[in-house]
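This report refers to the structure that appears directly beneath it.
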Amino acid sequence: MTAAYAVEALKLRRSRVVAVATVTLLMVPALLARAFLIAAEAGGADPTSAKAALLLPGVGWTGYLGGLIQIYATAGVIGSGIVVGWCFGREYADRTIVSLYASATPRASVARAKLVLLAVWSVVVGVGGAGAACVIGIASGLGLPDAADGRVLLRLAALAVLSGFLALPVALPASIGRGYLPAVGGVLALVVAAQVAMVAGAGQWWPWSIAAMWAMGADSGMEPVAPAWLTVVPLVAALGAWATVAWWRRAEVL
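Start counting the sequence shown at -10; every next residue gets the next number (my numbering).
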């Protein structure tokens, strides 16, 4: 197990895909939300300003964080799903999966190490994303957040972490489909299904919608989700991880 964790940690640390995804998740959602707020506060008659005004729930920190949560509700799962899909799909795309069958380390241990490290990465990026959002907000002239804004920032951090957990089941289609494309298809299917569930009023029953609806709160106009429902997210992540490890234990080499 120690060898598996060491090797997989080295892969994650040296991967350009992981590096780009990390920087993107840390910076891009916050910068987009700030740009939308600037457009909304400008009050112009152009389509961009009008759309931004409709998207954001207010001005100042309220509008900034509200827009950021809406962006992260989708971007978090997609960005994390790309990393999960790369981590598992690359073994097949680069044909390194063959060497794992000759390794003394069990394949199930390798898959388990990948999943644990990806979960840790999700926590680090999620908390870091909320911190980066706070810094960007202060640096761009919004001033210091008050206590209410601080609570929203905590909800944002929780949403970001849970989004990473919700992407872990993508490892299964990446493994069964033996490559990147099944993982991309899987994460897109999950995101689309989450949007459909929310529009249809069934978002509180769909695991990939629960965290976003909880983070958005009553201001979203949708039925509020009790915090207790968030326990569904780690359960779904654990089920996806278990199925992935089971596949790696029994799968035959190409």
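Heads up, the beta-carbon is just placed ideally off N, CA and C, and yes, glycines get one too.
Inter-stretch contact (C-beta, 8 Å, three-pair minimum) for the stretch 119 to 137 and the stretch 92 to 105: no
Whether Y61 touches A149 by CB criterion (9 Å): yes
Enclosing alpha helix (DSSP H) for V221 [first to last residue]: V221 to R239
Coarse secondary structure for S198, derived from DSSP in three states: helix
Rounded separation between A39 and L179 - CA only: 29 Å
W197 versus A29: straight-line alpha-carbon distance, rounded: 29 Å
Selection from L107, L133 and L151 that minimises the alpha carbon distance to P63: The sequence shown places Thr at residue 63, rather than the Pro named in the question. When only C-alpha atoms are compared, the closest one is L151.
G153 and W110 closer than 9 Å at C-beta: yes
Nearest-angstrom Cα separation, counted from I58 out to L131: 17 Å
Simplified DSSP state of V214, which is helix, strand or coil: coil
Bounding residues of the alpha helix (DSSP H) (the contiguous stretch that carries Q184): Y169 to V188
Whether A163 touches G229 by CB criterion (9 Å): no
Own chain residues within Cβ distance below 6 Å of R144, not counting five before or after: A204
Alpha-carbon to alpha-carbon, G166 and L155: 19 Å
Where R84 sits in the DSSP three-state scheme: coil
N- and C-terminal bounds of the alpha helix (DSSP H) containing L131: It is not in any alpha helix (DSSP H) - L131 carries neither H nor E in the DSSP assignment.
Distance, V112 Cα to C330 Cα: Nothing can be reported for residue 330, as the shown portion of the chain is limited to -10 through 243.
Burial state of L133 (16 or more Cβ within 10 Å): exposed
Same chain, Cβ closer than 7 Å to V284, five either side skipped, listed in chain order: Because the chain is modelled from -10 through 243, residue 284 falls outside the range shown and cannot be assessed.
CA-to-CA distance, A227 to V116, given in whole angstroms: 21 Å
Integer Cβ distance of V72 from V12, believed to fall under 8 Å: Going by Cβ atoms, the distance from V72 to V12 rounds to 12 Å, so no, they are not a contact pair.
Which of helix, strand or coil DSSP assigns to V48: coil
Buried or exposed by the 16-neighbour rule on C-beta atoms within 10 Å, applied to R238: exposed
Three-state class that DSSP yields for P95 in the structure shown: coil
Rounded separation between D83 and G74 - CA only: 13 Å
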